[in-house]
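In my numbering, the protein residues as written are 30 to 331.
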């Protein structure tokens with residue numbers, strides 16, 4: 030487990046140590062990060078396409094991913110709405126207009142397309158083409174290093190993170206309800222609890238969860254983790270503007286780890302600048318914990 034934690038957390042902390050004001054460098058880092066996400070998903074699809082019992086496994090992947098998504102995200106919403114009701118913090122004003130949802134959904138479609146392309150290549154290359162062991166892990170290490178670099182240089186200070194009580198509380202509720210959802214999903218699907226907890230620990234970080242779980246239990250479970258986490262990003266596009274006015278923590282909390290990247294602009298557009306510190310604090314929590322929880326749960330023998 031220690032080796033796995035060092036593999037994941039080491040690059041993140043190394044990236045976080047680098048402080049730069051070079052906007053061109055940060056722009057390049059963001060571009061490379063997106064490219065690596067596509068590479069990782071392509072590799073995961075390739076591994077899935079090379080499975081021997083594919084016809085049996087595809088319905089299992091779909092059913093399992095849907096079960097995890099419904100339970101984890103459903104419990105997230107229930108827990109966070111309860112918090113918003115007990116400790117209301119309505120917005121003083123609404124944000125800017127949000128771009129058409131079809132444009133936002135297009136990005137999610139591109140991610141799914143990479144898995145599909147990899148799947149097709151892997152299926153037809155079965156028996157004569159195999160990838161070197163650990164290829165996706167190498168790509169993930171570089172990606173996490175760049176994530177750490179961007180966390181440090183995107184105006185996120187530890188003071189903003191540690192002293193935003195609502196952001197930390199939202200993060201704690203989110204993590205607990207996600208893990209409960211993972212336990213319930215495991216019981217329904219008759220999986221070991223550690224697998225349920227691991228799949229629920231991605232918090233929307235699909236490029237991380239799919240690789241860690243794929244390395245631990247194979248392409249089927251890696252695919253379940255990917256689609257479960259990707260669905261969170263898609264659901265967030267609709268939940269954020271719907272809940273932002275009167276249920277601020279729910280709107281931010283449903284986004285999980287994506288609160289610091291792809292959904293942050295949507296959060297700001299929906300709630301204005303006043304909600305950004307909450308999103309930053311919450312997003313920092315949900316970006317730090319997945320590497321630790323994923324490696325911990327996936328290293329427990331089942």
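Each residue gets a CB set at the ideal place from its N, CA and C atoms; glycine is no exception.
**Request:** Would you grab the beta carbon distance between residue 74 and residue 148 for me? Rounded to a whole angstrom, and I think it's under 8 Å.
**Result:** Yes, residue 74 and residue 148 are in contact; Cβ-Cβ is about 4 Å, under 8 Å.
**Message:** Report the start-end ranges of each beta strand (DSSP E) in the stretch 236-277 that is 3 residues or longer and not cut off at the edges.
**Reply:** Runs of the beta strand (DSSP E) spanning 3 or more residues and lying entirely within the stretch 236-277 do not occur at all.
**Asked** With C-beta atoms as the reference, is residue 66 less than 8 Å away from residue 172?
**Response** Contact flag set, yes.
**Asked** When DSSP labels each residue in this structure, what does residue 51 get in the three-state scheme?
**Response** Secondary structure of residue 51 (DSSP, three-state): coil.
**Message:** Quick check on residue 163: buried or exposed, where buried means 16 or more other Cβ atoms within 10 Å of its Cβ?
**Reply:** Exposed, because fewer than 16 other Cβ atoms sit within 10 Å of the Cβ of residue 163.
**Prompt:** Can you tell which of 254, 255, 281, 256 has its C-alpha closest to the C-alpha of residue 267?
**Reply:** Closest in C-alpha terms to residue 267, from the list 254, 255, 281, 256, comes 281.
**Asked** When every heavy atom of the ligand ATP is checked, does at least one fall within less than 7 Å of the C-beta of residue 255?
**Response** In the structure on display, the ligand ATP does not appear, and there are no ligands present to speak of.
**Asked** Apart from the five residues on each side of it in sequence, which residues of its chain come closer than 6 Å, Cβ to Cβ, to residue 55?
**Response** Counting only Cβ-Cβ distances below 6 Å, and skipping sequence neighbours, we find 182.
**Prompt:** Does the distance from the CB of residue 229 to the CB of residue 327 come in under 8 Å?
**Reply:** No, these two residues do not count as a Cβ contact at 8 Å.
**Item:** Uninterrupted alpha helix (DSSP H) stretches inside the stretch 138-169 (no shorter than 4 residues)
**Value:** Scanning the stretch 138-169 for uninterrupted alpha helix (DSSP H) segments of 4 residues or longer gives nothing; none is fully contained.
**Message:** Beta-carbon within less than 7 Å of residue 244's beta-carbon, same chain only, minus the 5 sequence neighbours each way: which residues are those?
**Reply:** Here the set comprises 166.
**Asked** Near residue 252, what residues of its chain come up, given a Cβ to Cβ distance below 6 Å and the 5 sequence neighbours on each side ignored?
**Response** If we look at residue 252 and ignore the five residues flanking it on each side, its Cβ neighbours are 77, 90.
**Message:** For a test of the three-state rule: what should DSSP assign to residue 79, helix, strand or coil?
**Reply:** Annotated three-state conformation of residue 79 is coil, per DSSP.
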